[in-house]
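In UniProt numbering, the protein residues as written are 1 to 154. The next block holds one structure in the form of structure tokens; read it before the comments.
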């Protein structure tokens with residue numbers, strides 16, 4: 001597999017065979033049980049992720065993917081497998097740099113994937129800034145409530 005190529009379904013003995021008919025859904029489904037559910041995932045709006053400079057975009061993408069996973073009652077052990085197929089371009093290249101991801105010697109849990117994803121696409125500075133914004137809003141709300149209460153007492 002060349003660096004930067006889109007992922008091929010693992011466990012598909014016909015993936016590199018030029019005689020394999022890629023349009024034959026039945027053959028694909030037998031060769032890789034994830035294909036059928038992956039097609040459902042995509043039909044429900046799961047978008048491919050090519051990487052992101054904007055941390056909000058990355059977080060929104062994960063939130064939407066998790067919503068679809070929950071709706072499909074996708075088990076945690078299958079989620080990372082599906083993510084492998086949703087990553088493209090820079091995101092796929094990044095995933096190949098994660099130890100054990102390329103040769104599949106390490107099976108990551110969904111929580112481990114999310115941790116690695118957030119570390120890559122959501123910098124600590126962004127998280128700290130959002131926490132500060134939240135605390136500032138909370139403090140402003142508290143001050144507003146105090147002001148409103150003082151007016152209602154008068």
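Virtual Cβ for every residue (Gly too), placed ideally from N, Cα, C.
Shown here, residue 87 sits in a strand according to DSSP, grouped into three states. Per DSSP, the beta-bridge partners of residue 49 are 87. Judged by their CB atoms, residue 98 and residue 119 are not nearer to each other than the 8 Å cut-off. Residue 76 carries a helical assignment under DSSP once its states are collapsed to helix, strand and coil. Rounded to the nearest whole angstrom, the CA to CA distance from residue 82 to residue 75 is 11 Å. With contacts defined by Cβ atoms closer than 8 Å, residue 55 and residue 108 do not form a contacting pair. For residue 49, the closest alpha carbon among the candidates 105, 110 and 62 is that of 62. Approximately 13 Å separates the beta-carbon atoms of residue 86 and residue 52; this is outside 8 Å, ruling out the contact. For the pair residue 44 and residue 65, the CB atoms are not nearer than the 8 Å cut-off. Exclusion of the five residues before and after residue 72 leaves 37, 40, 41 and 44 as the residues of its chain whose Cβ lies within less than 8 Å of its Cβ.
In the structure shown, residue 139 adopts helical secondary structure according to DSSP, grouped into three states.
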